[in-house]
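Protein chains: 4
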Amino acid sequence: MDAASDEKETGRLEAFSDGVFSIAITLLVLQFKIPKLDQLGAEAHLSGALLSEWPSYMAYFISFFTILVMWVNHHRLFNHIKRVDNLFLFINGFLLMLVAFVPFPTQLLAEHIRHRYAVTATAFFTGTYILIAVAFNALWHYAIYRRRLLGRSANAAAVDRITQNYRLGPCGFSLAFILAFFNVALSLTAFTALAFFYAFTGEGK
Amino acid sequence: MDAASDEKETGRLEAFSDGVFSIAITLLVLQFKIPKLDQLGAEAHLSGALLSEWPSYMAYFISFFTILVMWVNHHRLFNHIKRVDNLFLFINGFLLMLVAFVPFPTQLLAEHIRHRYAVTATAFFTGTYILIAVAFNALWHYAIYRRRLLGRSANAAAVDRITQNYRLGPCGFSLAFILAFFNVALSLTAFTALAFFYAFTGEGK
Amino acid sequence: MDAASDEKETGRLEAFSDGVFSIAITLLVLQFKIPKLDQLGAEAHLSGALLSEWPSYMAYFISFFTILVMWVNHHRLFNHIKRVDNLFLFINGFLLMLVAFVPFPTQLLAEHIRHRYAVTATAFFTGTYILIAVAFNALWHYAIYRRRLLGRSANAAAVDRITQNYRLGPCGFSLAFILAFFNVALSLTAFTALAFFYAFTGEGK
Amino acid sequence: MDAASDEKETGRLEAFSDGVFSIAITLLVLQFKIPKLDQLGAEAHLSGALLSEWPSYMAYFISFFTILVMWVNHHRLFNHIKRVDNLFLFINGFLLMLVAFVPFPTQLLAEHIRHRYAVTATAFFTGTYILIAVAFNALWHYAIYRRRLLGRSANAAAVDRITQNYRLGPCGFSLAFILAFFNVALSLTAFTALAFFYAFTGEGK
Numbered sequence: 713m714d715a716a717s718d719e720k721e722t723g724r725l726e727a728f729s730d731g732v733f734s735i736a737i738t739l740l741v742l743q744f745k746i747p748k749l750d751q752l753g754a755e756a757h758l759s760g761a762l763l764s765e766w767p768s769y770m771a772y773f774i775s776f777f778t779i780l781v782m783w784v785n786h787h788r789l790f791n792h793i794k795r796v797d798n799l800f801l802f803i804n805g806f807l808l809m810l811v812a813f814v815p816f817p818t819q820l821l822a823e824h825i826r827h828r829y830a831v832t833a834t835a836f837f838t839g840t841y842i843l844i845a846v847a848f849n850a851l852w853h854y855a856i857y858r859r860r861l862l863g864r865s866a867n868a869a870a871v872d873r874i875t876q877n878y879r880l881g882p883c884g885f886s887l888a889f890i891l892a893f894f895n896v897a898l899s900l901t902a903f904t905a906l907a908f909f910y911a912f913t914g915e916g917k
Numbered sequence: 713m714d715a716a717s718d719e720k721e722t723g724r725l726e727a728f729s730d731g732v733f734s735i736a737i738t739l740l741v742l743q744f745k746i747p748k749l750d751q752l753g754a755e756a757h758l759s760g761a762l763l764s765e766w767p768s769y770m771a772y773f774i775s776f777f778t779i780l781v782m783w784v785n786h787h788r789l790f791n792h793i794k795r796v797d798n799l800f801l802f803i804n805g806f807l808l809m810l811v812a813f814v815p816f817p818t819q820l821l822a823e824h825i826r827h828r829y830a831v832t833a834t835a836f837f838t839g840t841y842i843l844i845a846v847a848f849n850a851l852w853h854y855a856i857y858r859r860r861l862l863g864r865s866a867n868a869a870a871v872d873r874i875t876q877n878y879r880l881g882p883c884g885f886s887l888a889f890i891l892a893f894f895n896v897a898l899s900l901t902a903f904t905a906l907a908f909f910y911a912f913t914g915e916g917k
Numbered sequence: 713m714d715a716a717s718d719e720k721e722t723g724r725l726e727a728f729s730d731g732v733f734s735i736a737i738t739l740l741v742l743q744f745k746i747p748k749l750d751q752l753g754a755e756a757h758l759s760g761a762l763l764s765e766w767p768s769y770m771a772y773f774i775s776f777f778t779i780l781v782m783w784v785n786h787h788r789l790f791n792h793i794k795r796v797d798n799l800f801l802f803i804n805g806f807l808l809m810l811v812a813f814v815p816f817p818t819q820l821l822a823e824h825i826r827h828r829y830a831v832t833a834t835a836f837f838t839g840t841y842i843l844i845a846v847a848f849n850a851l852w853h854y855a856i857y858r859r860r861l862l863g864r865s866a867n868a869a870a871v872d873r874i875t876q877n878y879r880l881g882p883c884g885f886s887l888a889f890i891l892a893f894f895n896v897a898l899s900l901t902a903f904t905a906l907a908f909f910y911a912f913t914g915e916g917k
Numbered sequence: 713m714d715a716a717s718d719e720k721e722t723g724r725l726e727a728f729s730d731g732v733f734s735i736a737i738t739l740l741v742l743q744f745k746i747p748k749l750d751q752l753g754a755e756a757h758l759s760g761a762l763l764s765e766w767p768s769y770m771a772y773f774i775s776f777f778t779i780l781v782m783w784v785n786h787h788r789l790f791n792h793i794k795r796v797d798n799l800f801l802f803i804n805g806f807l808l809m810l811v812a813f814v815p816f817p818t819q820l821l822a823e824h825i826r827h828r829y830a831v832t833a834t835a836f837f838t839g840t841y842i843l844i845a846v847a848f849n850a851l852w853h854y855a856i857y858r859r860r861l862l863g864r865s866a867n868a869a870a871v872d873r874i875t876q877n878y879r880l881g882p883c884g885f886s887l888a889f890i891l892a893f894f895n896v897a898l899s900l901t902a903f904t905a906l907a908f909f910y911a912f913t914g915e916g917k
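Residue numbers (the numbering used here), protein chains in the order written: chain A, 713 to 917; chain B, 713 to 917; chain C, 713 to 917; chain D, 713 to 917.
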């Protein structure tokens, strides 16, 4: 019965987290601005205005993909968690706070990528993910410390694999952050590569 | 136990998808702009201003209906899915990315349908649905290839019926897309007819 | 097993509907506009600006309350529903479309209640609820016709009570609509009284 | 069977409440405004503009944290609730209405904290939480009066502990409210301390 109640608590925290992930991912669409008729001059065409919004499409794609990857990884992490405690709940809350923040750096990146402040916007964007990677590590290490929140049957090899994958995160995103000051395109390529890494590693068969 | 865990994973992906569908469908209301008092001249009436927003009501209705139809079809598709894998998860994510994008072309259509760029806006709107239809087909074909993600008891006839219905999608929405360049009203009529087709075919009794 | 699958389908539709209700009710907050420092003159005070937003608070309160009442009634209705079919799904979708629309007439009412177009805004607001009441009746009558979607154990007296309560809706909201053209305050009072009626009648102990 | 139906009802109300909490917490991000290129002068830098938004970050952090704390406390409260009735449902709705309102005072605080109306904004912000604390008390006292909605096995000591913790709320937030008129920083410090108190007291092991 205690185990059942632990499981219910864990499930509820996971459902709440899923809610935040799904809302944050859907709010990304609010960054798109409709080109109004009177803003389009006699020569400008709507199709041109829509095409010139390519940074928004790119940013939408990148952020949708990375939030999805984070959701998948969050879920994989919770597969090993069998109970939650108060501090875990707030570390998870800190992570959610950063995930829910993602639409802002995304829109900032889309707004400035082609202009004078592309470096600042890219650094702000990648910097947000350094914090997210740190939060993921904090959450995981809190949970596995002395197997605090793990189930009895938790597979040690799978736990170690997650630990190793997560370790890469803060370094990887820091690299993307540093690259932003040299070459914005390179920084975003490294960022996307890292997201792909987290998408396709893990416990999948 | 393995089957139970597969089912739980599938259920969780479906719940996440449902979340995105329900948020996207509810965000559609944000397109409506309140006519402010000082924008209404001495002669203009609020009732006139509200009536002149008919393209927004039309676009709201069409998009609410089509997102609902997509939700129903997504659900029917998942009725046959008994497990998920990593790639399926990201194809589904690609589909959700397009569904969550729908409020933008919807608002674009409402803004421009009566003006110079009606053709472009209609083409952009219907073009989004070509991509959605392709994503639905990709998701389905990935799942049924060698019955990869189907349950043992999956009804072959029902599976074939979905395959056939889905095949129509990319062609149908491409037709609506092409029609946009000739006649906007005809294009949207074809579009709506297609949405009705997907609403009322399928496995319902 | 068939009954189990029916129940799962019904539960999923109810969960999706709940999602739309909870999002629509939470989006109501977006109507509040922050008084900016530079819009406040030397004499104007922030406290005055906040107090002068009372129509927004009132509209927020009324709409939050009525959406909550609709959610409760929707839930009570589903207590009797044991299976769903395709048409029921789209009648329910039509109802959800109107519920998700509520933030717009709410904001319109808040914007215009103190000014020249109070009548139009009140009529638009109450008119939306006529449609909602009609949609509730359509949903319910579709479900109970020849006990189509009811469970075997559905209590006939409880079903009749709902039928009678619902019958009042379209008339009641039409009355509030008509009153809007004579006296806005009276119309909104009638509207709120009706919402209270639906809040506190029903099957609750 | 009656108990099962009671439990289902309670679970559904809790799920709906969770939805409102998760949406409200995620909508907080909408307060961030993108610094546009043409608003940045020749001398101003994007990094400076982002840094100067620190009140928004602070307000985002505080409100995310407090909504999370409220969610946790709401959940703890529901751990003792075994059935719901109509009035409980609307007291809970009143509480949700205030929770969903939080993004507005949050943004108001961020907008005005550095300027002339910091006192008013802080008082409005803390004042909202007085109402929330009152609503929490009303909900709880309604539930425990003659053990109306408690389960048979409800632990009397745990119930009393919640009662005592809640009693502190209205006084505590009133103190923060009063402090706002003397010193804004002190008021917000008291406010945050109170949030921490509610985060780390309770039934956690």
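Here a beta-carbon is modelled for each residue, glycine too, at the ideal position from N, C-alpha and C.
For clarity, every value in this text was computed on a predicted model and none was experimentally measured.
As a beta-bridge residue in DSSP terms, Leu862(D) pairs with Ile793(D). Cβ-Cβ separation between Tyr878(D) and Phe848(D): approximately 6 angstroms, consistent with a contact (criterion under 8 angstroms).
With contact defined as three or more Cβ pairs closer than 8 angstroms, the segment 799 to 815 of chain B and the segment 840 to 860 of chain B are in contact. Unbroken alpha helix (DSSP H) runs of no fewer than 4 residues, entirely contained in the segment 721 to 788 of chain D, are found at 758 to 763, following chain order. Boundaries of the alpha helix (DSSP H) around His824(A): 815 to 824. The CB of Val732(A) comes closer than 8 angstroms to the CB of Ser734, Ile737, Thr738 in chain D, given here in chain order.
Within its own chain, the residues whose Cβ lies closer than 6 angstroms to the Cβ of Thr834(A), once the five positions on either side in sequence are excluded, are Ala892, Val896, Ser899, listed in chain order. Taking C-alpha positions only, His792(C) is separated from Leu862(C) by approximately 6 angstroms. In the DSSP annotation of this structure, the continuous segment of the alpha helix (DSSP H) that includes Arg879(A) starts and ends at 868 to 892.
Taking 8 angstroms as the cut-off between beta carbons, the residues of the segment 772 to 793 of chain C near chain D are Tyr772, Phe773, Phe776, Phe777, Leu780, Trp783, Val784, His787, in sequence order. If you draw a straight line from the Cα of Tyr772(B) to the Cα of Gly884(B), it comes to about 21 angstroms. Collapsing the DSSP output to three states places Thr913(A) in coil. With respect to the C-alpha of Pro817(B), the residue from Ile746(A), Ala736(A), Phe806(A), Leu752(A) having the closest C-alpha is Ile746(A).
DSSP places Asn895(C) in the coil class of the three-state scheme, outside both helix and strand. Among the CB atoms of chain B, one or more fall inside 7 angstroms of the CB of Val741(A). Following the DSSP letters along the chain, one finds His853(A) inside the alpha helix (DSSP H) bounded by residues 830 to 856.
Taking 7 angstroms as the cut-off, the Cβ atoms of Tyr769(D) and Ile803(D) do not count as close. Taking a Cβ-Cβ cut-off of 7 angstroms, the neighbours of Leu801(D) in chain C comprise Val784, given in sequence order.
Contact of Met809(A) with chain D is assigned, a C-beta pair being separated by under 7 angstroms.
With a cutoff of 7 angstroms on beta-carbon distance, Ile735(D) and Ile735(A) are scored as near each other.
Apart from sequence neighbours up to five positions away, the residues of its chain that approach Glu721(A) with a beta-carbon distance below 8 angstroms are Arg795, Val796, ordered along the chain. A Cβ-Cβ contact shorter than 7 angstroms links Thr838(B) with Phe889(B).
In terms of Cβ geometry, Val781(B) and Ala907(B) form a close pair [threshold 7 angstroms]. With a cutoff of 7 angstroms on beta-carbon distance, Thr832(C) and Ser759(B) are scored as near each other.
A straight-line Cα-Cα distance of about 32 angstroms links Leu799(D) and Leu820(D). When 8 angstroms is used as the limit between beta carbons, Lys748(D) is near these residues of chain A: Glu823, in chain order. Burial state of Asp714(C) is exposed, judged by a 10 Å Cβ sphere holding fewer than 16 other Cβ atoms.
Within chain D, the residues whose beta carbon sits less than 7 angstroms from that of Leu762(C) are Phe836, listed in sequence order. Proximity of Ala716(D) to chain C, defined by a Cβ-Cβ separation below 7 angstroms, is not satisfied. The alpha-carbon separation between Val732(D) and Lys748(D) amounts to approximately 32 angstroms. The Cβ atoms of Phe776(C) and Leu740(C) sit closer than 7 angstroms to each other.
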